[in-house]
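Enquirer: This is the structure I have questions about; it appears just below.
Here is the structure:
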């Protein structure tokens with residue numbers, strides 16, 4: 014049996030899509046990421062001609078024939094949206110350690126200990142963890158544009174609050190609010206990129222987003238150090254407030270709503286898109302056949318049954334009486350079930366609609382043997398409005414006249430309503446797309462969508478990736494909380510400006526780590542897939558954990574050891590850069606592994622990873638690491654932290670060996686869709 018997440022790189026199919034998708038129960042919930050692959054059909058289908066670029070590259074996903082589809086926007090428009098979101102992410106990414114070089118100044122202004130100021134970082138990360146859980150389901154239900162705009166407004170207010178905080182407690186509360194406000198930069202941009210770019214365009218654009226987000230974590234503290242040295246730490250937030258207003262303007266004018274439902278839809282709905290509901294034509298037909306709607310049901314059902322060589326079997330001693338109340342009972346189910354009886358399963362306490370033909374015949378002669386009707390003449394088919402067949406029967410509230418049925422407007426599934434409306438409209442103008450809110454996009458309950466990321470922690474691959482991601486990003490934050498204590502201490506005696514220069518090395522290490530993680534990982538994966546008869550497994554990504562363990566373990570221990578021995582400041586800075594390099598490898602590897610393993614739950618998985626990173630690591634360690642550092646020194650602290658990192662990476666061994674079996678186990682349990 015093919016396991017979900019496995020991909021046949023050397024297959025002869027039209028595309029290298031994940032294997033085992035047919036073994037996954039169909040997802041009924043919604044995600045930030047739209048479905049990328051449909052269910053595999055049982056029989057041969059004549060696929061329409063695929064759209065390609067001028068260079069012959071197949072467009073995945075396939076754009077629709079409307080200018081309102083975000084994939085059909087001009088390239089410059091999509092790139093402008095990426096730049097606007099990317100700049101906002103760069104600022105948001107750098108807000109975590111923004112006060113790292115100024116801990117001493119904050120402590121002096123509020124009369125607190127330097128090690129206590131680390132709470133401004135830990136509580137900020139707690140806010141980001143809470144915010145990602147709140148914003149992600151809101152974006153799924155109401156769209157990303159209102160979330161981006163609300164986030165920008167709240168972020169501006171939070172910066173003003175931080176700058177004007179009269180007490181240390183007020184500053185802590187402001188940082189929590191700031192974390193909640195800016196948290197969409199970690200959980201939404203990846204989905205935005207996936208919605209406005211084709212598959213062959215995403216890698217480069219995702220690289221830009223990742224570079225801006227991670228680069229901001231090292232560049233913004235460098236700039237804040239210069240501001241603190243020349244002005245004050247309060248001016249850091251005043252300047253960020255001004256820039257956040259600029260970013261909010263870019264988001265408002267350059268980032269329209271990017272939601273577009275690309276989930277596979279029933280064939281009846283696809284046919285309905287191409288047809289126009291002709292009420293007058295249907296009314297004319299009902300005027301010629303005034304008996305009731307049952308005649309139309311019988312004709313449609315018999316024609317479909319004969320087309321599929323379908324023979325009804327019914328006990329001879331049982332009669333099926335069709336009453337108006339029973340007909341109204343089918344208002345919950347679509348008539349489109351008639352058009353495809355193979356896909357329909359009988360529901361308890363409801364008549365099986367394809368047998369309706371036989372039931373009507375049986376009333377004429379209960380002793381007649383079952384038989385297959387001959388195919389209906391094709392000349393009659395246009396007389397039945399097919400668009401009506403793909404819509405629900407209106408409920409019978411006592412008025413079963415043909416006019417009441419004919420006047421029923423066509424309906425669409427609620428999850429398709431927004432996209433379906435845009436398909437029928439002409440291309441929206443720039444002014445029309447500035448609308449900040451487009452209504453509810455999905456009918457799911459907000460609370461259920463909020464809980465789904467926590468259910469994913471029961472998936473071993475997600476739990477493992479959350480551990481690696483939390484450590485990969487968390488240790489960088491721990492070191493940033495130590496910068497003021499180590500570099501501005503009595504021995505090195507750096508001022509805020511020179512302490513900020515320390516972040517140049519980690520920035521370079523992070524860029525190199527991101528580049529190596531992408532290129533080297535692809536080379537290793539392709540080589541291992543060839544040795545595995547062309548079959549790719551997500552566990553192949555875990556080979557990159559070997560350099561991650563070496564770089565982060567050596568970097569953490571080396572940083573604390575050399576700083577404790579008062580070596581030249583360049584040596585601990587080099588080990589800081591090595592940690593940044595390894596952490597970039599680790600974060601990229603954990604994300605790609607979990608996305609490859611559970612592509613259909615990628616949106617919720619990213620929320621899970623960020624929540625664990627911000628709450629279970631960032632907040633917890635900020636509560637005691639600076640006090641621990643002050644009590645035992647950097648050598649003891651970072652040797653133990655290095656050991657913790659090595660223990661965490663050792664979980665890679667069982668995950669590599671048993672990962673495939675664990676993936677299949679989660680498919681059988683199906684925790685996500687049970688909820």
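Numbering (the working numbering), first residue to last: 14 to 688.
Where a beta carbon is used, it is the ideal one built from N, C-alpha and C, also for glycine.
1) Which residue comes first and which comes last in the alpha helix (DSSP H) that contains residue 111?
2) Measuring CB to CB, does residue 227 end up less than 9 Å from residue 639?
3) Return the first residue and the last residue of the alpha helix (DSSP H) that residue 199 is part of.
4) Quick one: give me the first and last residue of the alpha helix (DSSP H) that residue 609 is part of.
5) Exposed or buried, residue 144, counting other C-beta atoms within 10 Å across all chains shown (16 or more means buried)?
6) Nearest to residue 114 by alpha carbon, out of 230, 229, 509, 621?
7) In this structure, what does DSSP give as the bridge partners for residue 71?
8) Return the CA-CA distance between residue 494 and residue 674, expressed in angstroms with no decimal places.
9) So what's residue 640 in DSSP terms, helix, strand or just coil?
10) Could you give the distance in angstroms between the alpha-carbon of residue 647 and the alpha-carbon of residue 65?
11) Taking DSSP as the reference, what is the three-state secondary structure of residue 456?
12) Taking 8 Å as the cut-off, does the CB of residue 667 come closer than this to any heavy atom belonging to the ligand FMN?
13) Quick check: the Cα distance between residue 560 and residue 594, rounded to an integer number of angstroms?
14) CB-CB under 6 Å to residue 84, same chain, minus the five flanking residues each way: which ones, in chain order?
15) So is residue 68 buried or exposed if we call it buried at 16+ other beta carbons inside 10 Å?
16) Between which two residues does the alpha helix (DSSP H) carrying residue 92 extend?
17) Just to confirm the assignment: which complete beta strand (DSSP E) runs, minimum length 3, are found wholly within the region 519-574?
18) I need the DSSP call for residue 178, collapsed to helix, strand or coil.
19) With a threshold of 16 other CB atoms inside 10 Å of the CB of residue 501, please say whether the residue is buried or exposed.
20) I need the straight-line Cα distance from residue 188 to residue 79, nearest angstrom please.
21) Please list, in chain order, all residues of the same chain as residue 599 whose beta carbon is under 6 Å from its beta carbon, the five residues on each side excluded.
22) Of all the options 572, 275, 446, which has the alpha carbon lying nearest to the alpha carbon of residue 74?
23) Rounding to the nearest angstrom, what Cα-Cα distance links residue 466 and residue 201 in this structure?
24) Report the three-state DSSP secondary structure of residue 11 (helix, strand or coil).
25) Write down the C-beta distance between residue 498 and residue 214 rounded to the nearest angstrom, noting that I regard them as a contact closer than 8 Å.
26) Tell me whether residue 627 is buried or exposed, calling it buried when 16 or more other Cβ atoms sit within 10 Å of its Cβ.
27) Measuring straight from C-alpha to C-alpha, what distance separates residue 518 and residue 231?
28) Taking its Cβ as the centre, do 16 or more other Cβ atoms sit within 10 Å of residue 555, making it buried, or is it exposed?
29) Quick check on DSSP: helix, strand or coil for residue 444?
30) So what's residue 503 in DSSP terms, helix, strand or just coil?
31) Along the chain, where does the alpha helix (DSSP H) containing residue 620 start, and where does it finish?
32) Could you tell me the distance, in whole angstroms, from the CA atom of residue 433 to the CA atom of residue 687?
33) Between the beta-carbon of residue 470 and the beta-carbon of residue 621, is there less than 9 Å?
34) Are the region 152-168 and the region 440-458 in contact at 8 Å, needing three or more beta carbon pairs?
35) Count the other CB atoms, across all protein chains shown, that sit within 10 Å of the CB of residue 172; report buried if there are 16 or more and exposed otherwise.
36) Mapping the DSSP letters down to three states, classify residue 211 as helix, strand or coil.
Expert: Walking through what the data contain:
1) Neither: residue 111 is in no alpha helix (DSSP H) and is coded neither H nor E.
2) no
3) 197-200
4) 583-610
5) buried
6) 509
7) 65
8) 40 Å
9) helix
10) 57 Å
11) coil
12) For the ligand FMN, the structure offers nothing, since it holds no ligand at all.
13) 10 Å
14) 76
15) exposed
16) 88-106
17) none
18) coil
19) buried
20) 44 Å
21) 481, 485, 561
22) 275
23) 14 Å
24) No statement about residue 11 is possible, as the shown extent of the chain runs from 14 to 688 and does not include it.
25) So it is not a contact: roughly 45 Å between Cβ atoms.
26) buried
27) 9 Å
28) buried
29) coil
30) coil
31) 615-624
32) 29 Å
33) yes
34) yes
35) buried
36) coil
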